Amino acid sequence: MSKDDLIKKYIPKNLRDLAISFDIEEDFIKDMPDLIKMILASKSIDTNESKQNWLNLLPLMTSDQIQKLYDILLKEKEKLREIDEKYENKKMEIKKKYLQKWQQIGYIKKVGKIKEEESNQRSKEEQEAEDLLSQI
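Take 322 as the starting number for the sequence shown in the numbering used here and just add one per residue.
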């Protein structure tokens, strides 16, 4: 199976174009696709050069070192997910707060408009009543 076929089989669509641009040993694509995905998607391994360096080091690393790298990248992924969750919750709180204020402003405007319409209607009725009285 070719490298491209292995990438199509083991690497998700969003990372395939990136994976194809790197020199990755086929055995690692087959045996450790999760580690390859984490290296490719890592925010801390931010440059393509750094990613390629880590991919080049994999064949030289012991299984313990590979496991440590996997654990580090997994922790990074979890922490980033926690941060995203935290900020998503904050964004939702802020949206709710401003939505409530926006609704209050809308309510106040509607009440003001209703009062104005009632006042106009009252004035119109009073004018009609005066006109009727003046005709008598």
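Even for Gly, the Cβ is constructed at its ideal location relative to N, Cα and C.
Values in this document were obtained by computation on a predicted structure and should not be read as measured data.
If you pair each beta-carbon of the stretch 344-359 with each one of the stretch 382-400, do three or more pairs fall below 8 Å? yes
When the Cα of P333 is compared with those of E347, S342, D348 and D355, which residue comes out closest? D355
How should M322 be labelled, buried or exposed, when 16 other C-beta atoms within 10 angstroms of its C-beta is the threshold for buried? exposed
Determine the burial state of K417: buried for a count of at least 16 other Cβ atoms within 10 Å of its Cβ, exposed for fewer. exposed
Inter-residue Cα distance where the pair is T368 and L390: 17 Å
Out of I435, D348 and E447, which has the shortest C-alpha to C-alpha gap to K324? D348
Decide if A450 is buried, meaning its Cβ has at least 16 other Cβ atoms within 10 Å, or exposed. exposed
Can you have a look at K412 and say buried or exposed, based on whether 16 or more other CB atoms are within 10 angstroms of its CB? exposed
Is it buried or exposed, K372, if we count other Cβ atoms within 10 angstroms and call 16 or more buried? buried
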